[in-house]
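First up is the structure itself, then whatever we jot down about it.
This is the structure we're talking about:
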């Protein structure tokens, strides 16, 4: 059956070593969807509220309250729903939270359950998530945007802009996108090394040199 039997969650750790939420949606037929929802280093005051514990156990970075909200309230609320009612479930969780920025249940709790539900639906259909979500466009990929220089809260350097990105316009295929991007990244690395800048990486995987200005970073990217 395609109905939700149980929703559960646990606290795990993201790639930067901070606690985050992992949720599971389990269906009556045994299909399972899992999701982990790490946050960025620079969440803003106008973004949906990521619920963090205020205890000192994890330096006020724990997510046990969000986990509890999933294991108790959300589990009870959506068990019995059809997994294929994605929009209904998303809207129901937002309404259940009842706040403008999702601060009661936590946007991290709501998002984790939403994504896990979509994955459970795909698992029920025995199809990859991209096919389940993509429909008629399942074999098309968007042009990637690559973050190649990091600044701001994403790097310990002098840059104000957090993400300097490139997009491989003009590529004939996704494979060509990757080839073009690879060449730019490697050219940039060699140019940084030539000018004695460090090639350490920031939070988002881009280089994190200390330039005199953000404009200088753009100049190096254009040259690469």
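Numbering (full-length UniProt numbering), first residue to last: 1 to 224.
We put the beta carbon where it would ideally sit given N, CA and C, even for glycine.
All values derive from a computational prediction rather than experimental measurement.
| Asked | Found |
| --- | --- |
| Which residue from 80, 113, 135, 203 puts its Cα closest to that of residue 9? | 113 |
| Check for me: the alpha helix (DSSP H) holding residue 179 runs from which residue to which? | 174-194 |
| For residue 86, name the three-state secondary structure that DSSP assigns. | helix |
| By the three-class DSSP mapping on this structure, what secondary structure does residue 33 have? | strand |
| Return the CA-CA distance between residue 3 and residue 223, expressed in angstroms with no decimal places. | 55 Å |
| List the endpoints of the continuous beta strand (DSSP E) containing residue 150. | 146-150 |
| Report the rounded CA-to-CA distance for residue 172 versus residue 103, giving the unit in angstroms. | 44 Å |
| Out of 45, 44, 25, 43, state which residue places its alpha-carbon closest to the alpha-carbon of residue 36. | 25 |
| According to DSSP, which residues form a beta bridge with residue 20? | 12 |
| So, at 8 Å on beta carbons, what are the nonlocal neighbours of residue 12 in its own chain, with the 5 sequence-adjacent residues on each side left out? | 19, 20, 21, 22, 36 |
| Pick helix, strand or coil for residue 289, following the three-state DSSP scheme. | Nothing about residue 289 can be reported from this structure: the residues present for the chain run from 1 to 224 only. |
| Could you tell me which residues DSSP puts in a beta bridge with residue 4? | 27 |
| Using beta-carbon positions only, say whether residue 129 and residue 119 come within less than 8 Å of one another. | yes |
| Classify residue 92 as helix, strand or coil using the three-state DSSP reduction. | helix |
| Drop a sphere of 10 angstroms on the beta-carbon of residue 200, count the other beta-carbons inside from all chains shown, and report buried for 16 or more, exposed for fewer. | exposed |
| Whole-angstrom Cβ separation of residue 161 and residue 152, contact assumed at under 8 Å? | 6 Å |
| Over what stretch of residues does the alpha helix (DSSP H) that includes residue 70 continue unbroken? | Element bounds for residue 70: n/a, residue is neither H nor E. |
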